Ligand code: PHE
């Protein structure tokens with residue numbers, strides 16, 4: 001396994017694995033939380049625009065670079081810049097790799113919470129009420145148990161390779177997640193207070209849409225949600241046969257991911273208002289009281305109101321979230337693993353355990369200094385590192401890739417009328433847009 005390159009067996013296999021990477025806690029927890037905190041509809045509106053203008057082209061560039069190189073992200077970027085700035089390419093690849101580890105370090109903590117919440121209703125059903133309460137209550141001991149457990153689960157899948165396993169898991173579980181969302185949405189929309197939430201979510205307050213803080217949050221959220229800027233999509237692109245129509249694939253992944261985020265908002269924002277109508281205090285000065293509350297208090301409260309069925313619903317909901325999180329961690333883990341296997345000649349097994357050990361150390365550090373580190377790492381990753389990496393991808397595809405402007409060549413080959421402009425859009429407009437947003441991040445931080 002260590003010297004032959006594994007690959008996806010079909011184009012749909014790639015789309016499902018990439019969608020599995022994209023669809024995760026970012027969609028179901030992150031997006032609704034950000035939307036609720038940033039004026040609902042205004043956030044949704046800006047999010048859609050940023051996704052279309054910047055995140056989708058960045059996803060395209062990232063997958064494209066990987067697909068052309070057929071190598072791990074560090075070597076792929078080094079390769080892509082070999083005529084111009086190979087060292088810079090390698091450096092950018094290594095920065096992405098650090099981003100993947102950063103992502104894993106806090107993501108596995110949150111995913112551990114999901115696992116605990118999935119087990120809690122089970123404990124309740126079989127009569128272990130104390131255990132159920134413990135599982136549903138945030139504590140350091142719970143973190144210390146469930147974060148390693150989750151890392152172990154991920155490692156167990158990853159060390160087997162990028163094979164039909166991931167393809168099949170994603171294909172079966174994602175539709176169930178969607179069905180679950182639809183069922184929960186139809187339930188919540190019938191509850192008192194839901195209409196108010198729907199209004200807040202779907203009707204943007206246009207005075208808010210130019211707020212730079214909102215734009216930066218929406219950008220960070222979009223980059224995180226599409227899993228771009230850490231090399232995960234690049235490595236998946238490299239596992240696909242060369243010269244596919246990457247544009248089409250990128251559009252499908254973006255559409256799927258955005259649709260799930262939109263649906264999660266449709267569930268959670270109305271649920272907040274239902275909870276408020278029932279007397280819970282949800283907002284203070286227009287902000288959510290405690291962000292974790294959203295999914296870990298308000299939703300369980302809602303499930304409780306459904307009676308015993310609610311326990312099953314709660315269990316399946318958190319189980320699916322855990323699985324969605326698992327498929328997301330797999331792509332991030334694959335970044336350092338593929339590098340260690342291909343460039344450092346480690347066996348896949350060894351590489352997996354080494355990466356898991358590093359992630360475990362990083363996540364334990366975050367748990368130890370939770371209040372100061374948790375939010376900081378998320379912000380650093382989503383508003384700095386991911387956009388910076390994406391800026392680099394645009395520059396690689398538009399400028400550093402000397403051996404013919406491959407992007408434009410392929411765009412022309414595909415023969416679509418608007419595609420000749422696509423090359424210029426990536427060369428000039430995308431880097432400029434990102435830089436403008438960046439200057440704002442620097443000023444506002
Ligand atoms: N996109 C994933 C989510 O929304 C998170 C992720 C980020 C996965 C970066 C891989 C890389 O949950």
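In the working numbering, the protein residues as written are 1 to 445. All residues carry an ideal CB built from backbone N, CA and C; glycine is no exception. Just so you know, these numbers come straight off a predicted model, no measurement behind them.
- In this structure, residue 376 sits away from residue 102, with a CB-CB distance that is not shorter than 7 Å.
- Here the stretch 217 to 227 does not lie against the stretch 304 to 312, with fewer than 3 beta-carbon pairs under 8 Å apart.
- Here residue 19 is actually not in contact with residue 319; their C-beta atoms are around 19 Å apart, not less than 8 Å.
- Per the DSSP secondary-structure output, residue 199 pairs with nothing in a beta bridge.
- In the assembly as shown, residue 71 is a buried residue. Its beta-carbon has 16 or more other beta-carbons within 10 Å.
- Going by DSSP, residue 275 is part of the alpha helix (DSSP H) stretching over 246 to 277.
- Apart from the 5 residues on each side of it in sequence, residue 205 sits with its Cβ closer than 7 Å to the Cβ of 39, 41 and 42 in its chain, given in chain order.
- Residue 148 and residue 362 have their C-alpha atoms some 11 Å from each other.
- If you ignore the 5 residues before and after residue 359, its C-beta comes within less than 8 Å of the C-beta of 101, 104, 105, 108, 151 and 333, all in its own chain and listed in chain order.
- Within the stretch 174 to 249, the runs of alpha helix (DSSP H) that reach at least 4 residues and sit entirely inside it are, in chain order, 194 to 202, 212 to 225 and 232 to 238.
- At the C-beta level, residue 393 and residue 61 come within 7 Å of one another.
- By the C-beta density criterion, residue 112 is buried, having at least 16 other C-beta atoms within 10 angstroms.
- Excluding its 5 nearest sequence neighbours in each direction, residue 337 has C-beta neighbours in its own chain below 8 Å: 158, 348, 351, 352 and 355, listed in chain order.
- For the ligand PHE, residues qualifying as neighbours are 21, 22, 24, 25, 26, 27, 103, 224, 225, 227, 230, 232, 328, 331 and 332, where qualification means a beta carbon closer than 6 Å to at least one of its heavy atoms (chain order).
- Our two residues, residue 399 and residue 237, have alpha carbons roughly 20 Å apart in a direct line.
- Of all C-beta pairs linking the stretch 264 to 282 to the stretch 69 to 84, fewer than three are shorter than 8 Å, placing the two stretches out of contact.
- Comparing C-alpha distances from residue 371 to each of 9, 140 and 145 shows the shortest one belongs to 140.
- DSSP, reduced to helix, strand and coil, places residue 283 within a strand of the structure shown.
- Residue 215 and residue 130 have their C-alpha atoms some 44 Å from each other.
- Per DSSP, residue 382 lies in no alpha helix (DSSP H) and is assigned neither H nor E.
- Within its own chain, the residues whose Cβ lies closer than 8 Å to the Cβ of residue 182, once the five positions on either side in sequence are excluded, are 263, listed in chain order.
- Nearest in C-alpha terms to residue 213, of all of 47, 422 and 432, is 47.
- Boundaries of the alpha helix (DSSP H) harbouring residue 118: 86 to 125, taken from the DSSP string.
- Residue 328 places its beta carbon less than 7 Å from that of residue 24.
- Within the model, the alpha-carbon separation for residue 266 versus residue 343 is close to 45 Å.
- Under the DSSP definition of a beta bridge, residue 288 partners with 283.
- Shown here, residue 28 sits in a helix according to DSSP, grouped into three states.
- Distance from residue 73 to residue 235 at the Cβ level is roughly 6 Å; contact confirmed, criterion being Cβ atoms closer than 8 Å.
- The shortest CA-to-CA distance from residue 242 to any of 173, 99 and 68 is the one to 68.
- Closest by C-alpha distance to residue 194, out of 125, 228, 261 and 274, is 274.
- With respect to residue 219, residue 439 sits apart: the two C-beta atoms are not nearer than 7 Å.
- Across the structure, residue 299 and residue 313 are spaced so that their CA atoms are roughly 11 Å apart.
- If you ignore the 5 residues before and after residue 153, its C-beta comes within less than 7 Å of the C-beta of 326, all in its own chain and listed in chain order.
- The Cβ neighbour count for residue 227, taken over all protein chains shown within 10 Å, is at least 16; the residue is labelled buried.
- In the structure shown, residue 70 adopts coil according to DSSP, grouped into three states.
- Annotation for residue 444: the continuous alpha helix (DSSP H) segment containing it runs 430 to 444.
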